[in-house]
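Enquirer:
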Amino acid sequence: IAGITQAPTSQILAAGRRMTLRCTQDMRHNAMYWYRQDLGLGLRLIHYSNTAGTTGKGEVPDGYSVSRANTDDFPLTLASAVPSQTSVYFCASSVAAGVGEQFFGPGTRLTVL
Amino acid sequence: GESVGLHLPTLSVQEGDNSIINCAYSNSASDYFIWYKQESGKGPQFIIDIRSNMDKRQGQRVTVLLNKTVKHLSLQIAATQPGDSAVYFCAEGSTSNDYKLSFGAGTTVTVRA
Numbered sequence: 232i233a234g235i236t237q238a239p240t241s242q243i244l245a246a247g248r249r250m251t252l253r254c255t256q257d258m259r260h261n262a263m264y265w266y267r268q269d270l271g272l273g274l275r276l277i278h279y280s281n282t283a284g285t286t287g288k289g290e291v292p293d294g295y296s297v298s299r300a301n302t303d304d305f306p307l308t309l310a311s312a313v314p315s316q317t318s319v320y321f322c323a324s325s326v327a328a329g330v331g332e333q334f335f336g337p338g339t340r341l342t343v344l
Numbered sequence: 006g007e008s009v010g011l012h013l014p015t016l017s018v019q020e021g022d023n024s025i026i027n028c029a030y031s032n033s034a035s036d037y038f039i040w041y042k043q044e045s046g047k048g049p050q051f052i053i054d055i056r057s058n059m060d061k062r063q064g065q066r067v068t069v070l071l072n073k074t075v076k077h078l079s080l081q082i083a084a085t086q087p088g089d090s091a092v093y094f095c096a097e098g099s100t101s102n103d104y105k106l107s108f109g110a111g112t113t114v115t116v117r118a
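Just so you know, the sequences run in chain order A and B. Quick note: the first sequence uses our numbering, first residue 232, plus one each step. Quick note: the second sequence uses our numbering, first residue 6, plus one each step.
Take a look at the structure:
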């Protein structure tokens, strides 16, 4: 693994289903982030974690949850997917909050029907 | 709430010319600004950042200018190349807000051969 990986690459999901998007980084970065990207709205922060064991809410956290059990992994869970959660999801990491650039993963394209 | 915005959604530039991409921000507490480039189907890629104690910073073929008086940020690309065609996002963050980033909607730059 080099950098940040996300899985799956894309997914079509029925409304009401539970879904976990996976994110793993091998750079030993302390801070990790989840964004969603919708056309015309840029990237919006969903949740973030400044260090393992802590998480915080971003701009659009409703309907999503995260956990940070260790430094490398930062999964994003949709407990009961709704069509408005159709989006491209990007995971990112940085050395620490506000330190260095945020490195982004390749994204997960999620469609909720 | 306060948000970052871009003056123009699209920019067409002749190969070899200089490009200027503008960004307005409204959060006076923001003290950290970043420019990202996103190519089709990929995650955002860091270009350059600047902190509020500076008004200019240069990188390889790029310069970021910060005018705190009018809350304006710009990215200048010298000798624009076909590979510069992408969507460019400005983002802002602040020390007082865990450096959580707010992104603008993006400017699409197209380089004409």
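We put the CB at the ideal spot given by N, CA and C, even for glycine.
By DSSP, does V343 (chain A) sit in helix, in strand, or in coil?
Expert: Translated into positions along the first sequence, residue 343 (chain A) becomes position 112. If DSSP states are grouped into helix, strand and coil, V343 (chain A) belongs with the strands.
Enquirer: Counting only C-beta atoms, is K105 (chain B) closer than 8 Å to chain A at any point?
Expert: Taking the first residue of the second sequence as 1, we reach residue 105 (chain B) at position 100. Yes, K105 (chain B) lies at the interface with chain A (some Cβ there is under 8 Å from its Cβ).
Enquirer: What do you get for A91 (chain B), buried or exposed, if any count of 16 or more other CB atoms within 10 angstroms of its CB means buried?
Expert: As a first step, residue 91 (chain B) must be located in the second sequence, where it is residue number 86. With 16 or more Cβ atoms within 10 Å of its Cβ, A91 (chain B) is classed as buried.
Enquirer: From the DSSP output, in three-state form, read off T68 (chain B) for me.
Expert: Mapped onto the second sequence, residue 68 (chain B) falls at position 63. Per DSSP, reduced to three states, the secondary structure at T68 (chain B) is strand.
Enquirer: Is G331 (chain A) helix, strand or coil by DSSP?
Expert: Position 100 of the first sequence, counted from the first residue, corresponds to residue 331 (chain A). Three-state result, G331 (chain A): coil.
Enquirer: Going by DSSP in three states, N281 (chain A) sits in which element: helix, strand or coil?
Expert: To locate residue 281 (chain A), count along the first sequence from 1; it is residue 50. Looking at N281 (chain A) - three-state DSSP - the assignment turns out to be coil, as it is neither helix nor strand.
Enquirer: Could you tell me whether the region 315–323 of chain A touches the region 74–86 of chain B, where touching means 3 or more Cβ pairs closer than 8 Å?
Expert: no
Enquirer: What do you get for N23 (chain B), buried or exposed, if any count of 16 or more other CB atoms within 10 angstroms of its CB means buried?
Expert: Counting from 1 along the second sequence, the entry for residue 23 (chain B) is found at position 18. Counting the other Cβ atoms within 10 Å of the Cβ of N23 (chain B) gives fewer than 16, which makes it exposed.
Enquirer: Could you tell me whether the Cβ of A328 (chain A) comes closer than 8 Å to any Cβ of chain B?
Expert: Here residue 328 (chain A) refers to the residue found at position 97 of the first sequence. It does; some Cβ of chain B falls within 8 Å.
Enquirer: From the beta carbon of K76 (chain B), is the nearest beta carbon of chain A less than 8 Å away?
Expert: Within the second sequence, residue 76 (chain B) is the residue found at index 71, counting from 1. Answer no: the Cβ-Cβ gap between K76 (chain B) and chain A never drops below 8 Å.
Enquirer: Given that A110 (chain B) touches chain A, what residues does it touch there, using C-beta distances under 7 Å?
Expert: Taking the second sequence and counting its residues from 1, the one referred to as residue 110 (chain B) is at position 105. Those are G271, L272, G273, listed as they occur along chain A.
Enquirer: Just by C-beta distance, which residues in the region 331–343 of chain A are closer than 8 Å to chain B?
Expert: E332, Q333, F334, F335, G336, P337, G338
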